[in-house]
Every structure is written in C-alpha cells, then in structure tokens.
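A.B. asks:
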C-alpha cells in the first residue's frame, strides 16, 4: 500500500518537530527515515501510524485521507524501539493479541489462531520460545517477537521506530540483514526510522534524510552517497573532505567502505 | 546470539553479596552486637510489646470473659458496622483509585499536579477535620442538612456518614500505590495494543490492569486496613450510638472509658487480629509477587 504525507506540521510547545513535510512512499518499498536525534523522524512515523496527531497536513493511505481514521482501523503494524511487548503475557499470547482483540465476527477460531501464531514464530525463527515471557528473551529475540506480533494482524504498512537502536552492534548487523530478507519475502510497504547512516544505506531501497523537522534529501542509497544534495547530507553521511588530515583520511576510508557496501547490495539485488 | 545473551544478562544483584562473610567489608564485633541489640530492643519495645499487651490484657480474666465481651450485642454490631464500612469504601476507592491513577499516569492534561495534590489531601489533613467536613455539609446546620432532614435522610450520626468519612480517609491508598507504578510502565504497551486493533476498554483490561495487579492488591489491602482501623474521622460523624453507629475502634474507646478494661482489650484484640490477618495476606502477596518476578526474569543461558 502506498503512503503519502502532505504538508505535515507538528510542534511541541515552541519546538517545531516536523516542519511542512511532504513525502510519497510507493507501495512495496523499504524506506529509511534517517537523521540525527531530534530531527522529527520518529514524530513523523508516529503521525503516519496515528499515535500522534499532526497540527496540520494530511496522511494519505492508498490515496485516502486517513486523518480521521482511528489508529486501530489504519491497519498499520508498528514496532517500537523498546519492543513494548506485553510483559505479563507469554510470547505466544503476545503474538496472538492482535487476533484475540478482533471483533467477535472477525475473530478467528482458537485452532486458526494457534496455526497463525506458530507460522509467524517460524517466520521469525523463534517457534521454540512460544511459552517464554518477554523478560526471559534477549534484545534481538524480543525485537523479532515484536515484529511477529505486528505482522499477525496482516498490516498494510509496517512502521519500525529505531528497530535496532537498543541492540548491541553485532546483533544489530545480523538483524538488519534479516529484516532486508524478510522484506524481500513479504514485500509489505515498510518505513523504518534510524540515526545510523550505515544501517539506512545498507538496508533501505530509499533513504529520506531529515534535519530539524525538514527533509534534506530523498533518494536511493547510491544517489544520496554519490550526489549529496546539501552540506548537511554530505556531513551527516560523513562524505565531506574537511577537517584535519587524519580525519579526512578516515572519512575517505569510511566512504570507500560505504560505497563498497552499496556495491555489494547492488550485486545482491 | 551469545554476545546478546551476555549483554542482556542482569548484573549480579548486590543483595547476593554477603558483606559479613568477607573480612574486607566486615564491621568490628562490638559494632555489630550494639547495632543488633539496639535495633532488636527498639523493635521489641515499640512493636512487639503493645501487640502482646493487647492479647495478654484481653485474656487476663480468662476465655469466658473474653468470649462474653465479643458476643455482646453491641460488640457484634460494631464488628458488623466496621466490616460494612470497609466493604463499601474499599470497592469505591478501588474504582476511584484506578481511574485517578490511570488518568494521571497515562494522559496529559491541565491541572494534573493539582489533582495529585488533591488526592493526597486526606493524608495531610487531620482526621478530625476529615470528619468535621461531613458534619458541616450534612449536619442539621450544614449546607445540605436541612434538605436531607426534609427527605428523611439520616447521614451524619448514622451509617452513611461513617461510610463517607471512611471513603474520604482511605481515598489515597489505591491511587498512591498505582500512580508511580503506572508512570514507570509508560504508555508504550497500551499504544502497542491500540495499534494491534484493541479498543481502549480491551487495552485497559488486557494490558493495563494485569500489569499493575500486584500493586493494586497491595493498595487494596492497605486501604482495607485503614478503613477498619480509622478512629478520628469516624468518631466525629458517628454520634457514638451503641449498637447502631459504633465501629470497632469507637467501641474499644467507649468500653475503656467505662473502666471495662477486659472487654475493651478483648474487642481491641479483634481489631489487632484483623490487622494481623491483613499483614499476613500482604506478606503472602509480596511473596507471590517476588516469585512471579523471579520466574519471568530468569534469563536463558
């Protein structure tokens, strides 16, 4: 499903979090909202989900204005940075939650719920953890359960807020490659928020760079790396050649690494 | 995943380290003994002695007198009224407390700080005032008193007044217990529930309430203990009519003032017993809670 936001503005007191942002997310893509903390990317994501109301502007889901649609009717899947798993429920019940709260007329039977939950747990390769509680899982496992839970209601869009932000570097790397593969399987329109350039460039089909509530540049990872549109983008992606010699050298090395990563991605595609 | 497991394993809690076992952290013998004697002595004198005294005095004249004092119609009426007041005020404060805590912890609105202060009011005003306000409102010279009298409604110096005073005095217990708990848990789980299609009602029953159930039980127990034991506020509105508007604490006072010490202590022992049962339930709940916590936080190795 395609998502479009038009002239979205949102301020908290005197702080303008999102300043007149318009964007289009074509169906089936995996898009990264990339920017430093406080740039408004999470707020924009929450506005798309309906968890936050915009001061002005529109959110269009599949061409239809969703501004008056309640969160629970938007059919979005949302994955929280700190997972927000229901701590008093087993992994199984967490994933089953979305099915159990459906109105009686649409609610699947117990056998169907069971089947669906186990399918999803196999999809995230954690079927063996069904009876555990969230506190008994590692961070990476929790995040995958959160994803399975979000997918249970067959959302039209998947929104991920800093999905790997709370994980250590090694697990983060594994999980983002796994997310990419999962997206290639499911082809569900997905937006994920991150402040990690490498993560955005490696995983996303398209990158939206944000700064101080505005959009700096939109493009494929290759485009934003090869032709940074603004000094901010160049600086944030670590591409400018300013600074002391040792730093420039390091940046050039880093850029080589980034380009290498993008090339690898092209080869894989 | 090995790295992740190591990273997320809880650091070994300090409580498990036995300071006394290690010479590096052990205090000198005489310090340890002095501390132990002083604290145990204090504990025995201020907590244990009064409790023992109540039961010793109650049984001084034997079981016969004890049972007579308890089966006296006025005493039975007092026990019944005390239980009735608790049975009405605890459920009311359960509902009020949950709603107040829910509003305060999960939503932002104007006057929130004022509401929090207001909830604490019954803790900060003297119980006498807590009783007096109801007399001022519903008494013969009060605001609503004449109207109530016209409609043959007895509020002050009757059971409704006692319930009102008890509700007022015990209001903060449930809310105070829940607010910090709910604030610490944040809104994310409810948001997750709503995004997954739950209605507000479903989110509350399936997510919010189960997450605070232990704190809630604890608040209810404290509220109940206070409801049964409240003296000051209830004393003002009760009118001390024997067999009609006397609660257990008031009945104890009356008996004591009549130099009927054995009966006074006998009734007091019932109150003490109710308190002990309440504490036992509280301890049991804390134990269950600790076990539940230990079971869920046990880490996979």
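Chains as they are written, first to last, in the working numbering: chain A, 11 to 279; chain B, 29 to 329. Note that CB positions come from ideal geometry on N, CA and C, so glycine has one too.
What first and last residue would you give for the beta strand (DSSP E) that runs through residue 216/A?
C.D. replies: From DSSP, the beta strand (DSSP E) with residue 216/A extends over 216-221.
A.B. asks: Would you kindly check if the distance between the Cβ of residue 311/B and the Cβ of residue 333/B is under 8 angstroms?
C.D. replies: Nothing about residue 333/B can be read from this structure; chain B reaches only from 29 to 329.
A.B. asks: By DSSP, does residue 213/B sit in helix, in strand, or in coil?
C.D. replies: Here residue 213/B sits in helix by DSSP.
A.B. asks: Three-state secondary structure (DSSP) at residue 57/B?
C.D. replies: In this structure, residue 57/B counts as helix in the three-state DSSP scheme.
A.B. asks: Which value, in whole angstroms, describes the spacing of the CA atoms of residue 322/B and residue 212/B?
C.D. replies: So the alpha carbons of these two residues sit roughly 19 angstroms apart.
A.B. asks: For the segment 241-258 of chain B and the segment 110-126 of chain B, state whether three or more C-beta atom pairs, one from each stretch, are separated by less than 8 angstroms.
C.D. replies: Touching, yes.
A.B. asks: On the criterion of 16 or more Cβ atoms from any shown chain inside 10 Å, does residue 20/A qualify as buried, or is it exposed?
C.D. replies: Buried, by the Cβ-count rule.
A.B. asks: Starting from the Cα of residue 186/B, find the closest Cα among 167/B, 96/B and 161/B and give me that residue.
C.D. replies: It is 167/B whose Cα lies nearest to the Cα of residue 186/B.
A.B. asks: With 8 angstroms as the threshold, decide whether the Cβ of residue 216/B is near any Cβ in chain A.
C.D. replies: So, interface residue.
A.B. asks: Hey, would you say residue 70/A sits closer than 8 angstroms to residue 11/A, going by beta carbons?
C.D. replies: Cβ distance not < 8 angstroms, so residue 70/A and residue 11/A don't count as in contact.
A.B. asks: If you draw a straight line from the alpha carbon of residue 40/A to that of residue 192/A, how long is it in whole angstroms?
C.D. replies: Approximately 11 angstroms between the Cα atoms of the pair.
A.B. asks: Could you name the residues of the same chain whose beta carbon sits closer than 6 angstroms to that of residue 108/A, not counting the 5 residues immediately before and after it, in chain order?
C.D. replies: Answer for residue 108/A: 162 and 163, listed in chain order.
A.B. asks: Residue 51/A and residue 181/A look like a contact to me (Cβ under 8 angstroms); what is the Cβ gap, rounded to whole Å?
C.D. replies: Not confirmed; about 22 angstroms, so no contact.
A.B. asks: Can you tell me where the alpha helix (DSSP H) holding residue 152/B begins and where it ends?
C.D. replies: 140-152 is the extent of the alpha helix (DSSP H) around residue 152/B.
A.B. asks: Give the single residue among 231/A, 224/A, 232/A and 230/A whose Cα lies nearest to the Cα of residue 242/A.
C.D. replies: Considering only alpha carbons, the answer is 224/A.
A.B. asks: Using Cβ-Cβ distances below 9 angstroms, what residues of the segment 140-173 of chain B are close to chain A?
C.D. replies: Result list empty, no residue passes.
A.B. asks: Tell me whether the segment 91-101 of chain B and the segment 151-171 of chain B touch, counting them as touching only if at least three CB pairs, one residue from each stretch, are closer than 8 angstroms.
C.D. replies: Touching, no, given that fewer than three Cβ pairs across the two stretches are closer than 8 angstroms.
A.B. asks: Cβ closer than 9 angstroms: which chain B residues qualify as neighbours of residue 355/A?
C.D. replies: In the structure as shown, chain A starts at 11 and stops at 279, and residue 355/A therefore has no counterpart that could be examined.
A.B. asks: Give a yes or no on whether 8 angstroms exceeds the smallest Cβ distance from residue 239/B to chain A.
C.D. replies: At least one chain A Cβ lies under 8 angstroms of residue 239/B.
A.B. asks: Which partner residues of residue 20/A appear in the DSSP bridge assignment?
C.D. replies: Its beta-bridge partners are 28/A.
A.B. asks: If you run the structure through DSSP and keep just helix, strand and coil, what is residue 29/B?
C.D. replies: Confidence is the limiting factor: at residue 29/B the pLDDT is only 37, short of 50, which leaves the residue's position unreliable, though a coordinate-based value still follows. In this structure, residue 29/B counts as coil in the three-state DSSP scheme.
A.B. asks: What is the rounded straight-line gap between the Cα of residue 56/B and the Cα of residue 75/B?
C.D. replies: Whole-angstrom Cα-Cα distance: 28 angstroms.
A.B. asks: Return the residues of the segment 198-211 of chain B that lie within a Cβ-Cβ distance of less than 9 angstroms from chain A, sorted by chain order.
C.D. replies: Hits within the stretch: zero.
A.B. asks: Can you give, in chain order, each stretch of the beta strand (DSSP E) that sits fully within the segment 42-110 of chain A and has at least 3 residues?
C.D. replies: You should have 66-71 and 86-89.
A.B. asks: Does the segment 126-134 of chain B touch the segment 253-262 of chain B, meaning 3 or more C-beta pairs lie closer than 8 angstroms?
C.D. replies: Touching, no.
A.B. asks: Taking all protein chains shown into account, do 16 or more other C-beta atoms lie within 10 angstroms of the C-beta of residue 87/A, making it buried, or fewer, making it exposed?
C.D. replies: It is buried - the Cβ of residue 87/A has at least 16 other Cβ atoms within 10 Å.
A.B. asks: Taking a cut of 7 angstroms between CB atoms, which residues from the segment 86-117 of chain A lie near chain B?
C.D. replies: Listed by position, the residues of the segment 86-117 of chain A near chain B (Cβ gap below 7 angstroms) are 86, 88, 90, 92, 94, 96, 97, 98, 107, 108, 111 and 112.
A.B. asks: Are the Cβ atoms of residue 151/A and residue 136/A separated by less than 8 angstroms?
C.D. replies: A contact, by the Cβ cut-off of 8 angstroms.
A.B. asks: Mind checking whether residue 28/A and residue 54/A have CB atoms under 8 angstroms apart?
C.D. replies: The answer is yes: Cβ separation under 8 angstroms.
A.B. asks: Strictly by DSSP, which residues pair up with residue 169/A?
C.D. replies: The partner list for residue 169/A (beta bridge, DSSP) reads 88/A and 201/A.
A.B. asks: Taking the straight line between their C-alpha atoms, what separation do you get for residue 33/A and residue 44/A?
C.D. replies: Their Cα atoms are separated by approximately 14 angstroms.
A.B. asks: DSSP state of residue 211/A, grouped into three classes?
C.D. replies: Residue 211/A: helix per DSSP, three-state reduction.
A.B. asks: When you compare only the Cα positions, how much space is there between residue 198/A and residue 106/A?
C.D. replies: Approximately 20 angstroms, taken between the alpha carbons.
A.B. asks: State the start and end residues of the unbroken beta strand (DSSP E) segment that holds residue 227/A.
C.D. replies: Its beta strand (DSSP E) spans residues 224-229.
A.B. asks: Starting from the C-beta of residue 206/B, find all residues in its chain whose C-beta is less than 7 angstroms away, skip the five residues before and the five after it, and write them out in chain order.
C.D. replies: 125, 126, 129, 240, 243, 244 and 247, listed in sequence order.
A.B. asks: Below 8 angstroms, how does it come out for the segment 156-164 of chain B and the segment 192-209 of chain B: are there three or more Cβ pairs, yes or no?
C.D. replies: Because the criterion of three Cβ pairs below 8 angstroms is met, the segment 156-164 of chain B and the segment 192-209 of chain B touch.
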